[in-house]
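K.L.:
Okay, handing you the structure first.
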Amino acid sequence: MAEGGGGLQEALDMLDQGRAFMIEPRMDVTGARAEGEGTVAVDWQLSGTWPFPYRPRVRAAGTSIMTLDKSTGKVKQVEEKWDKPWWRVA
(Lines of atoms letter the chains of each structure in order from A and count residues from 1; the text may use other names and numbers.)
(Lines give C-alpha, C1' and ligand atoms only; values in the text may rest on other atoms or scores of the structure.)
Protein backbone atom coordinates (compact mmCIF):
# COMPACT_ATOMS: atom_id res chain seq x y z
CA MET A 1 0.00 0.00 0.00
CA ALA A 2 2.79 2.42 0.86
CA GLU A 3 4.70 1.93 -2.40
CA GLY A 4 1.69 2.00 -4.69
CA GLY A 5 -0.13 4.73 -2.81
CA GLY A 6 -3.33 2.68 -2.98
CA GLY A 7 -5.98 2.30 -0.39
CA LEU A 8 -7.33 -0.66 1.52
CA GLN A 9 -9.51 -1.93 -1.34
CA GLU A 10 -6.55 -1.98 -3.74
CA ALA A 11 -4.51 -3.94 -1.19
CA LEU A 12 -7.32 -6.46 -0.70
CA ASP A 13 -7.70 -6.86 -4.48
CA MET A 14 -3.96 -7.53 -4.78
CA LEU A 15 -4.16 -10.19 -2.04
CA ASP A 16 -7.08 -11.84 -3.87
CA GLN A 17 -5.03 -11.96 -7.08
CA GLY A 18 -2.11 -13.59 -5.26
CA ARG A 19 -4.43 -16.08 -3.58
CA ALA A 20 -5.89 -17.04 -6.98
CA PHE A 21 -2.39 -17.64 -8.39
CA MET A 22 -0.70 -19.42 -5.47
CA ILE A 23 -1.60 -22.83 -4.14
CA GLU A 24 -2.19 -22.92 -0.36
CA PRO A 25 -1.33 -19.25 0.29
CA ARG A 26 -0.65 -18.29 3.89
CA MET A 27 0.14 -15.16 5.87
CA ASP A 28 1.49 -15.45 9.39
CA VAL A 29 2.07 -12.62 11.84
CA THR A 30 5.27 -13.55 13.66
CA GLY A 31 5.56 -10.63 16.06
CA ALA A 32 4.41 -7.15 16.97
CA ARG A 33 5.91 -4.37 19.05
CA ALA A 34 5.61 -0.68 19.85
CA GLU A 35 8.23 1.36 17.99
CA GLY A 36 7.61 4.59 19.84
CA GLU A 37 4.63 6.79 20.54
CA GLY A 38 2.00 6.21 17.88
CA THR A 39 3.99 3.63 15.89
CA VAL A 40 3.58 -0.16 15.82
CA ALA A 41 5.73 -2.70 13.93
CA VAL A 42 4.20 -6.00 12.80
CA ASP A 43 6.50 -8.77 11.52
CA TRP A 44 4.95 -11.15 8.97
CA GLN A 45 5.70 -14.01 6.62
CA LEU A 46 3.88 -14.72 3.35
CA SER A 47 4.13 -18.13 1.74
CA GLY A 48 2.53 -20.17 -0.98
CA THR A 49 3.20 -23.01 -3.38
CA TRP A 50 4.26 -21.79 -6.81
CA PRO A 51 2.21 -23.52 -9.54
CA PHE A 52 5.15 -25.25 -11.23
CA PRO A 53 5.26 -29.02 -11.79
CA TYR A 54 7.72 -29.53 -8.90
CA ARG A 55 5.57 -27.30 -6.59
CA PRO A 56 8.20 -25.16 -4.80
CA ARG A 57 7.13 -23.38 -1.63
CA VAL A 58 7.92 -19.66 -1.78
CA ARG A 59 8.36 -17.57 1.37
CA ALA A 60 8.79 -13.85 1.88
CA ALA A 61 9.15 -12.03 5.17
CA GLY A 62 8.99 -8.42 6.21
CA THR A 63 7.70 -5.83 8.62
CA SER A 64 4.83 -3.38 8.36
CA ILE A 65 5.39 -0.13 10.25
CA MET A 66 2.02 1.40 11.15
CA THR A 67 1.63 5.00 12.21
CA LEU A 68 -1.49 5.61 14.27
CA ASP A 69 -3.60 8.74 14.35
CA LYS A 70 -3.17 10.13 17.88
CA SER A 71 -6.74 11.35 18.18
CA THR A 72 -8.55 8.23 16.92
CA GLY A 73 -6.02 5.41 17.37
CA LYS A 74 -6.72 4.26 13.79
CA VAL A 75 -3.98 3.39 11.31
CA LYS A 76 -3.14 6.45 9.23
CA GLN A 77 -0.05 5.20 7.34
CA VAL A 78 1.57 1.83 6.60
CA GLU A 79 5.11 1.29 5.33
CA GLU A 80 6.19 -2.21 4.31
CA LYS A 81 9.79 -3.33 4.59
CA TRP A 82 10.57 -6.63 2.89
CA ASP A 83 13.54 -8.67 4.13
CA LYS A 84 14.46 -9.38 0.47
CA PRO A 85 13.34 -7.63 -2.72
CA TRP A 86 10.34 -9.37 -4.34
CA TRP A 87 12.38 -10.30 -7.44
CA ARG A 88 14.85 -12.25 -5.27
CA VAL A 89 11.99 -14.14 -3.65
CA ALA A 90 10.54 -15.02 -7.07
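Per the working numbering, the very first residue in the sequence shown carries number 85; after that it's consecutive.
A virtual CB, placed ideally from N, CA and C, is assigned to each residue, including glycine.
These numbers come from a predicted model, not from an experiment.
(1) Between Thr156, Phe105, Ile149 and Lys158, which lies nearest to Gly120 when the distance is taken from Cα to Cα?
(2) Please specify which runs of the beta strand (DSSP E), each continuous and at least 3 residues long, are wholly inside the stretch 109 to 173, giving them in chain order.
(3) State the DSSP-derived secondary structure class of Ala86, mapped to helix, strand or coil.
(4) Excluding the five sequence neighbours on either side, which residues of its own chain have a C-beta within less than 7 Å of the C-beta of Gly122, listed in chain order?
(5) Nearest to Arg117 by alpha carbon, out of Val126, Met111 and Arg110?
(6) Closer than 7 Å: is that where the CB of Met111 sits relative to any heavy atom of the ligand FAD?
P.N.:
From the atom records:
(1) Ile149
(2) 123 to 133, 141 to 152 and 159 to 166
(3) With a pLDDT of 44 at Ala86, under the threshold of 50, the predicted position of this residue should be treated as unreliable, and no value is reported.
(4) Excluding positions up to five away in sequence, the list reads Thr151, Leu152 and Lys154.
(5) Val126
(6) Questions concerning the ligand FAD fall outside what the structure shown contains, since it holds no ligand whatsoever.
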